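Residue numbers (my numbering): 33 to 333. For every residue, glycine included, the Cβ atom is placed at its ideal position computed from N, Cα and C. These figures come from a predicted structure and were not determined experimentally.
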């Protein structure tokens with residue numbers, strides 16, 4: 033029998049080692065193809081927002097940044113517990129998109145120095161406030177976006193918490209992220225991008241399907257295609273309780289509406305009816321995943 037006989041599919045098609053059916057199988061995706069798909073989704077969502085938005089922002093997080101400061105000495109946070117388990121005091125962390133310091137502050141307070149990269153001036157102000165309020169000094173704050181601000185950063189472990197949903201170049205981002213750390217990479221991400229909240233209201237008010245950004249499943253798909261062997265932990269999501277005014281503001285913000293505009297008035301009437309009926313399904317993300325993996329160049333600990 034010839035050594036090139038190989039195998040056959042159920043319909044009798046001959047398979048060889050270089051058959052397109054194998055090389056192009058969705059079971060073995062090309063990471064570059066996934067990067068392109070990711071970029072296409074991000075570009076479509078951005079175009080949609082730019083076309084329908086009723087207000088412009090210099091800093092998207094300025095109105096809500098104060099919500100991102102948390103007690104750095106809190107107990108019972110499963111994300112923090114997992115981060116602490118990846119390295120004891122002295123472990124140097126990178127926190128990409130550190131925000132108001134939800135994780136950077138407790139890491140630094142526990143003797144783990146942090147390089148915190150954050151592009152939002154409002155978020156950096158909240159982080160500075162937290163450092164002052166809780167007397168925490170061991171945080172180096174780098175203003176800017178990752179990976180533009182990646183130069184020279186070397187750490188033991190790297191964290192990206194709720195970052196990446198709207199990144200057009202996820203491959204380059206991950207290359208720099210993995211390249212900065214010696215031991216561990218960690219991503220905290222939701223089962224759907226936060227911008228996907230109020231999706232039903234979006235479609236009713238704007239009259240078109242909402243493009244939802246990549247999130248947990250897509251990131252995991254990309255990591256596997258890159259050759260990582262990630263550990264995935266699904267965590268309980270503790271949602272901040274919103275009163276009715278906060279809910280209305282959040283819906284208006286997610287739909288990019290100006291207060292008092294024709295569409296905003298339509299939205300508020302719709303919310304009036306939903307709240308009166310006791311509706312509470314706003315399409316918010318339901319689960320948070322913690323994805324942990326080692327970079328290709330990981331050194332033994």
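Scanning its chain for C-beta atoms nearer than 8 Å, with the 5 sequence neighbours on each side dropped, one finds around residue 317 the residues 222, 223, 224, 225, 226, 228, 229, 247, 269, in chain order.
The residue from 187, 100, 220 with its alpha-carbon nearest to that of residue 208 is 187. For residue 325, the uninterrupted beta strand (DSSP E) run begins and ends at 320-325, by DSSP. Secondary structure of residue 215 (DSSP, three-state): strand. Straight-line measurement puts the Cα of residue 295 at about 13 Å from the Cα of residue 286. In this structure, the beta-carbon distance from residue 159 to residue 196 does not fall below 8 Å. Counting C-beta pairs closer than 8 Å gives fewer than three between the segment 136-151 and the segment 245-261, which falls short of the contact rule. For residue 192, the enclosing beta strand (DSSP E) starts and ends at 187-193. Judged by DSSP in its simplified three-state form, residue 138 adopts helix. Note on the segment 202-260: whole alpha helix (DSSP H) runs with a minimum of 4 residues are 202-211, 231-238, 248-257, in chain order.
Of all C-beta pairs linking the segment 115-132 to the segment 56-63, fewer than three are shorter than 8 Å, placing the two stretches out of contact. Within the same chain, 137, 138, 141, 166 come within 6 Å of residue 104 by CB-CB distance, once the 5 residues on both sides are set aside. In this structure, DSSP gives residue 96 a state outside helix and strand, which the three-state scheme calls coil.
Between the alpha carbons of residue 236 and residue 200 lies a gap of roughly 27 Å. Rounded to whole angstroms, residue 151 and residue 176 show a C-alpha spacing of 4 Å. With a cutoff of 8 Å on beta-carbon distance, residue 314 and residue 81 are scored as not near each other. The bridge partners DSSP lists for residue 179 come to none. When the alpha-carbon of residue 155 is set against those of 98, 88, 178, the nearest one is in 98. Take residue 280, set aside five residues on each side of it, and the residues of its chain with a beta-carbon closer than 7 Å to its own are 300, 303, in chain order.
Judged by DSSP secondary structure, residue 265 falls outside any alpha helix (DSSP H) and instead within the beta strand (DSSP E) spanning 263-267. Ranked by Cα distance from residue 91, the first of 84, 128, 74, 153 is 153. When secondary structure is reduced to three states using DSSP, residue 127 falls in the strand class. In this structure residue 330 touches residue 215 by the C-beta definition: roughly 6 Å separates them, less than 8 Å.
The three-state secondary structure of residue 330, taken from DSSP, is coil. Between residue 190 and residue 126, the CB-CB gap stays under 8 Å.
Counting only residues of its own chain and dropping the five nearest sequence neighbours on each side, residue 232 has a CB closer than 7 Å to the CB of 315. Taking a contact as a CB-CB distance under 8 Å, the pair residue 258 and residue 206 counts as one, their CB atoms being some 7 Å apart.
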